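Presented below is the structure to which this report refers.
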Amino acid sequence: MLDIEMFREFPHIIRADFDKRNLPHDAIDAVIQADQEWRRLLHATDQLRREKNEAARGIAQAKKDRDEQKAQSILEQVAKLGDEISNMEQQTAEALHNRDLLRMRIPNILHEDVPISDDETGNTTHSVHGTKPEFDFDVRTHNELIEMNHWVDLKRAAKITGSRFYFLKGDLARLEFALQQYAVEFLRSRGFTFVQPPVMMNRTAYEGVTDLGDFETVMYGIEPDKYFMIATSEHPLTAMYMNETIPEDMLPLRLVGVSSCFRREVGSHGITDAGIWRVHQFTKVEQIVIARPEESWNLHEELLANCVDLWNSLGLHFEVVNICSGDMGTVASKKYDLEAWIPGADQYKEVVSCSNCTDYQANRLDIRFGTPGHPNQPIVHTLNSTAVATSRALVAIMEQNQQADGRVSIPQVLRPLMGGQETLEPCSIE
RNA sequence: GCGGUCGUCGCAUAGCCUGGUAUUGCGCCGGAUUUGAAAUCCGGUGUCCCCUGGACUCGGGAGUUCGAAUCUCUCCGACCGCGCCA
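The first sequence stops at residue 430 when you use the numbering used here, and every number in between is there.
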């Protein structure tokens, strides 16, 4: 959410941003108008309350003076104002709610490096890493590999839950486990603190970190407690410090979180999403940073460098993409994706997303830094980046490291975590 | 799930029984004093607004009342004990 001051003092900045995104300005005008309406109502309400308070003050005095007649006459005067005020209070509260609902739909201001384009074809290549693997046999898709090796059971999962859920079995499940631990240790060695978050959040906290539309299309709601399953550990780890002032010497705060992630994936279909590429539940190791505004852009590059080094160490071929205006979404100001080479699909596909959300989440969550208790402290910046979403990393490893016999070579760095094993063997249970 | 104790400004506290607009200490900021520091003294230190002024604020919401931190209901959260449990 953008600071309301942006709409009052610098609307031209928001307008320029909307031009980049090729959006009409109606939504901005609506916020400005709603803000004016709220302020008008607030002021009118305050004036009424003032009248009432002034009158009511006389009651205490009159009673002290034992002047019951005077007290009674004031009472009648004040009673009338009471109804008027409660009516106005309701209108004012509604106006504020309306303003912020409109305001929450305004996206973050794009960084100047973001390429301008209406859709994802405008994304630009930032860098290319590793070498594209060559195969002297017909490559299999990961979907074929998991089936012939019995590594994933989608059918039985559909039976007990529904489509796009899965049992992960045998060596592929062990590899998934190894990936988690490897990524956590990798980031720990770079100064990140390991945190395991709750996988459900209440609505108030959740509204601070995500696009409002996500409540309909992304998150699972839990009844009767009104919680939401997290779509990523980014959400609880960023909201963790809501309504707090973080002592400045604690910044930048580097956290590495691991959690199951749950996504409804409403409207997502297609053959390119087959197998375990797009699923309702997966595990993700995530980097989170809370920082001073002046250091956030350097830290964004640091997060990307961590991803690049991590994925390079797995021996995989991928490229880094600078996401353009039309593909950006609501919360991020700038975003890099890592796209891994998926031979069976003959394309690069998204495996990592690395964002600087600047003060967009922190405004809503009211996370500040400085001396706790000191008024008007500055708002922090929040950043997040995938380290590995294990299901997608498994797809990249399976497809890039596949052998003619359908077995898969285990990345060197993960072998010590799998008892020195060099190849993923078929699961003995079908 | 049951029973109890509790939730007040960054932290800690008073006020609640008996309704009249939040006390004190620490911390922090500014000033005085000092070569400098400590100590001491003075002032400030929640939010919002159309800001010489005003309104709001005692976990959230509702109710009673002219008026609620205070009384009533309800929800949330914390802690302790019991029960159940990986």
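All C-beta atoms, glycine included, are put in the ideal place defined by N, C-alpha and C. The model shown is predicted, which means the values in this text are computed figures rather than measured ones.
Taking one beta carbon from each stretch, the stretch 153 to 172 and the stretch 322 to 337 have fewer than 3 pairs nearer than 8 Å; the two do not touch. In the structure shown, the three-state DSSP call for GLY257 is strand. In the displayed model, CYS307 falls within a helix according to three-state DSSP.
Per DSSP, the continuous alpha helix (DSSP H) segment holding LYS159 begins and ends at 154 to 160. Of the candidates SER428, GLN281, ILE379 and HIS129, the residue whose Cα lies closest to the Cα of ARG364 is ILE379. Counting C-beta pairs closer than 8 Å gives three or more between the stretch 357 to 371 and the stretch 283 to 297, which meets the contact rule. Its chain contains ASN149, HIS150, TRP151, LYS169, GLY170, ASP171 and LEU172 as the residues whose beta carbon lies nearer than 8 Å to that of CYS427, once the 5 sequence neighbours on both sides are disregarded; these appear in chain order.
Beta bridge pairing from DSSP links ASN322 with THR124 and TYR336. Taking 8 Å as the cut-off, the beta carbon of MET1 is found no closer than this to the beta carbon of ARG99. Scanning ASN312, GLN72, SER86 and LEU414 for the CA closest to the CA of LEU42 turns up SER86.
In this model, VAL209 and ASN243 are separated by some 13 Å (Cα to Cα). Here PRO133 has GLN400 as same chain residues with Cβ atoms under 6 Å from its own Cβ, once five neighbours each way along the sequence are excluded.
For GLU248, same chain residues with a beta-carbon under 7 Å away, outside a window of 5 residues either side, are PHE369 and GLY370 in chain order.
Rounded to the nearest angstrom, the Cβ distance from VAL408 to LEU145 is 7 Å, consistent with a contact under 8 Å.
According to the DSSP assignment, ILE246 belongs to the beta strand (DSSP E) that extends over 245 to 247. Taking a cut-off of 8 Å for Cβ pairs, the stretch 382 to 394 and the stretch 112 to 120 do not touch, as fewer than three such pairs fall below it. For ASP225, the closest alpha carbon among the candidates ALA95, ARG203 and ASP214 is that of ARG203. Runs of the beta strand (DSSP E) spanning 3 or more residues and lying entirely within the stretch 182 to 258 occur at 193 to 195, 200 to 202, 227 to 229 and 245 to 247, in chain order. Close CB contacts of ARG164 within its chain, under the 6 Å cut and outside five residues either way in sequence, are with VAL279 and HIS280 (chain order). In this structure, the CA atom of SER391 is about 24 Å from the CA atom of THR125. In the DSSP assignment, GLU147 falls within the alpha helix (DSSP H) that extends over 142 to 148.
Contact check for TYR220 and ARG264: beta-carbon distance about 6 Å, within the 8 Å limit, so the pair qualifies. Judged by their CB atoms, ALA27 and ILE106 are nearer to each other than the 8 Å cut-off. By the neighbour-count definition (other C-beta atoms within 10 Å, threshold 16), GLU76 is an exposed residue. For ALA393, the enclosing alpha helix (DSSP H) starts and ends at 390 to 400.
SER355 and GLU302 have their C-alpha atoms some 11 Å from each other. Counting along the chain, PHE18 sits inside the alpha helix (DSSP H) bounded by residues 11 to 20. For ARG364, there is no enclosing beta strand (DSSP E); the residue is part of the alpha helix (DSSP H) that begins and ends at 360 to 365. Residue environment analysis places GLU286 among the buried positions, since at least 16 neighbouring C-beta atoms fall within 10 angstroms of its C-beta. CA-to-CA, the gap between TYR348 and PHE282 works out to about 20 Å. Within the model, the alpha-carbon separation for GLY130 versus HIS317 is close to 4 Å.
At a Cβ-Cβ threshold of 8 Å, LEU310 and ALA387 count as neighbours.
In the three-state reduction of the DSSP assignment, LEU23 falls in the coil class, being assigned neither a helical nor a strand state. Here ARG368 carries a strand assignment [DSSP, helix/strand/coil]. With fewer than 16 other CB atoms across the displayed protein chains lying within 10 angstroms of its CB, MET250 is exposed.
Non-local beta-carbon contacts of LEU299 in its own chain, meaning distances under 7 Å to residues more than five positions away in sequence, involve PRO252, VAL289, ALA291 and LEU383 in chain order.
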